[in-house]
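Just so we're aligned, residue 1 is where the sequence shown starts under full-length UniProt numbering, counting upward by one. Every residue gets a Cβ at the ideal spot worked out from N, C-alpha and C, and that includes glycine. Bear in mind the structure is a predicted one, so any value in this text is a computation, not a measurement.
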Amino acid sequence: MALLKVPDNLPQLVSAAFRRARNNKDLSFFPTQVAVLNTGSSNMQLRYAPSLAHKPKSTPGTASSDPFASPPAGLYIAALSPTHYLVLNKFAIAPDHFILATTQWASQDAVLAAADLAAAHACVRAYRGWAGDNSTGAARLGLLMFFNSGAGSGASQPHRHLQMLPLSSLYDGLPGDSAWGVLCDAVVGGAETAQYEFGVFGASMAGVEAPEQVWDMYFRLYQQACAAVLGAGVEVLPEGKALISYNLVMTEKSMVLCPRTAEGAEIQVKGGKGRVQFNGTVLAGTALVKNETEWDALREDPEILKTALQQVGVSKDFTTLHKL
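Here it is, written out as structure tokens:
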């Protein structure tokens with residue numbers, strides 16, 4: 001594994017880079033409205049970003065089709081090793097959203113390597129105790145890593161990248177006494193009022209420090225997810241193309257992986273049909289819409305969101321939570 005060095009002041013470095021890039025118009029920040037919906041199993045955060053619907057799309061085969069091959073100087077943060085670097089998300093709806101990318105091409109649809117998880121975990125550790133601009137409560141301290149892999153996961157780029165959101169940014173726009181909390185931490189922590197609407201595999205990160213422990217945990221959860229989708233006898237290899245679509249999240253407290261059977265679901269909205277799609281942030285308990293009719297429909301009837309969530313993964317009966 002390549003030598004890994006995370007800047008000691010990573011949170012401050014990211015915040016400064018984000019402010020500079022925003023001021024220089026190197027990135028686009030899309031304001032959102034936010035609501036908290038109770039699905040009966042948990043409180044879900046719903047964000048509405050109408051401006052994001054007009055985000056420019058890259059054309060396959062052009063220089064811009066792989067944003068991680070040669071990142072713009074205005075978005076670049078730092079190299080962590082010869083194999084991985086950090087870059088700001090060019091289209092952000094949350095402050096200080098940054099990305100861990102591979103220096104050389106690696107597939108987003110392949111099983112993650114030990115070096116990927118080691119670098120991600122090092123970033124999570126660098127954010128221990130970081131409150132950002134929202135310092136109300138210990139639950140708002142730290143960093144969320146999320147990863148989307150496969151056609152049904154919400155993945156947007158084929159070049160391998162793991163996304164990072166300070167937990168404080170997830171609370172952006174919410175009051176200090178909000179009922180919403182980071183769902184993966186609550187579920188793994190055993191909160192009675194926190195459950196997913198689909199099957200997940202998760203474990204506590206307590207006592208997990210060594211890079212090999214992090215990868216071992218990930219691979220075991222991935223194996224369980226593959227068995228849930230493909231059957232208990234499936235052979236799951238530690239490298240190569242992933243057998244399933246899935247999302248993964250990691251914080252200082254938890255790691256959770258969910259197999260995905262669909263990227264989204266059709267929903268009933270005023271005047272017809274709409275659609276809601278989910279990426280890895282759904283494991284933190286968040287969802288995003290870009291259309292006002294979907295925003296209105298979900299807020300008026302949270303049962304619609306619950307039903308949509310039940311359609312994008314395996315049965316919640318598969319859920320397995322444990323310490324490894």
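(message) Suppose you measure from the CA of SER315 to the CA of LYS25; what does that come to, to the nearest Å?
(response) Approximately 44 Å between the Cα atoms of the pair.
(request) Return the bridge partner residues of THR102 from the DSSP annotation. (result) In the DSSP output, where bridge partners are listed per residue, THR102 has HIS84.
(message) Going by the DSSP bridge assignment, what does GLN268 pair with across the sheet?
(response) Bridge pairing for GLN268: LYS273 [DSSP].
(request) Compare the beta carbon distance of GLY240 and ALA115 with 9 Å and say whether it is the shorter of the two. (result) Between GLY240 and ALA115, the C-beta spacing is not below 9 Å.
(message) Residues in the same chain with beta-carbon distance under 6 Å from VAL200, minus the five sequence neighbours each way, listed in chain order, please.
(response) Same-chain partners within the cutoff: VAL256, CYS258, THR319.
(message) Whole angstroms are fine: how far does the CA of SER169 sit from the CA of PRO95?
(response) If you draw a straight line from the Cα of PRO95 to the Cα of SER169, it comes to about 6 Å.
(request) Using beta-carbon positions only, say whether LEU100 and TYR85 come within less than 9 Å of one another. (result) Cβ atoms of LEU100 and TYR85: closer than 9 Å.
(request) Would you mind giving the Cβ-Cβ distance between VAL276 and ALA265, rounded to the nearest angstrom? I have them listed as a contact below 8 Å. (result) Yes, they are in contact, since the Cβ atoms of VAL276 and ALA265 sit about 6 Å apart, within 8 Å.
(message) If you reduce the DSSP assignment to three classes, tell me which class PRO11 lands in.
(response) Correct three-state label for PRO11: helix.
(request) Give a yes or no on whether the C-beta atoms belonging to GLU263 and PHE278 are separated by under 9 Å. (result) A contact, by the Cβ cut-off of 9 Å.
(request) State the Cα-Cα distance for the pair GLY40 and GLU212, rounded to the nearest angstrom. (result) Spanning the alpha carbons of GLY40 and GLU212 requires a straight line of approximately 37 Å.
(request) Please list, in chain order, all residues of the same chain as TRP105 whose beta carbon is under 7 Å from its beta carbon, the five residues on each side excluded. (result) Within the same chain, TRP105 has close Cβ partners HIS159.
(message) Can you tell me where the beta strand (DSSP E) holding residue 337 begins and where it ends?
(response) This structure cannot settle anything about residue 337, because the visible part of the chain is limited to 1 through 324.
(message) Measuring alpha carbon to alpha carbon, tell me which residue in ARG22, ALA16, ALA179 is nearest VAL34.
(response) For the set ARG22, ALA16, ALA179, the Cα lying nearest the Cα of VAL34 is the one of ALA179.
(message) Let me confirm a value: VAL14 is counted as buried when at least 16 other C-beta atoms fall within 10 Å, else exposed. Which label applies?
(response) Answer is buried; the Cβ neighbour count reaches 16.
(message) One question on the structure: do MET164 and LEU183 come within less than 9 Å of each other, judged by their Cβ atoms?
(response) Taking 9 Å as the Cβ cut-off, MET164 and LEU183 do not qualify as a contacting pair.
(request) Confirm, please, whether the CB-CB distance from GLY280 to GLY154 is below 9 Å. (result) Yes. Within cutoff.
(request) Starting from SER51, trace the beta strand (DSSP E) both ways and give me its first and last residue. (result) For SER51, no beta strand (DSSP E) encloses it, and the DSSP letter there is neither H nor E.
(request) Report yes if the CB atom of PHE18 is closer than 9 Å to the CB atom of GLN157, and no otherwise. (result) Taking 9 Å as the Cβ cut-off, PHE18 and GLN157 do not qualify as a contacting pair.
(request) With a cut-off of 8 Å on the beta carbons, I'd call VAL236 and CYS226 a contact; round off their distance for me. (result) About 5 Å separates the beta carbons of VAL236 and CYS226, which is inside the 8 Å limit, making them a contact pair.
(message) Measuring only the C-alpha atoms, how far is THR307 from VAL124?
(response) The straight-line gap from Cα to Cα measures roughly 32 Å.
(message) Does GLY280 come out as helix, strand or coil in the three-state DSSP assignment?
(response) Assignment of GLY280 by DSSP, reduced to helix, strand and coil, places it in the helix class.
(request) Determine which residues share a DSSP beta bridge with VAL34 and list them. (result) VAL34 is bridged by DSSP to ARG47.
(request) Measure the alpha-carbon distance for ALA287 versus ALA79 and round it to whole angstroms. (result) When rounded, the distance between both Cα atoms is 31 Å.
(message) Counting C-beta neighbours from all protein chains within 10 Å, is the total for ASN9 16 or more, i.e. buried, or is it exposed?
(response) Under this definition ASN9 is an exposed residue.
(message) I'd like to check one pair, PRO11 with ILE93: are the Cβ atoms closer than 9 Å?
(response) No. Outside cutoff.
(message) Taking DSSP's pairing of strands, which residues face VAL256 in a bridge?
(response) Answer is GLY202, VAL249, bridged to VAL256.
(request) Taking only the alpha-carbon atoms, compute the straight-line gap between GLU300 and THR261 and give it to the nearest angstrom. (result) When rounded, the distance between both Cα atoms is 27 Å.
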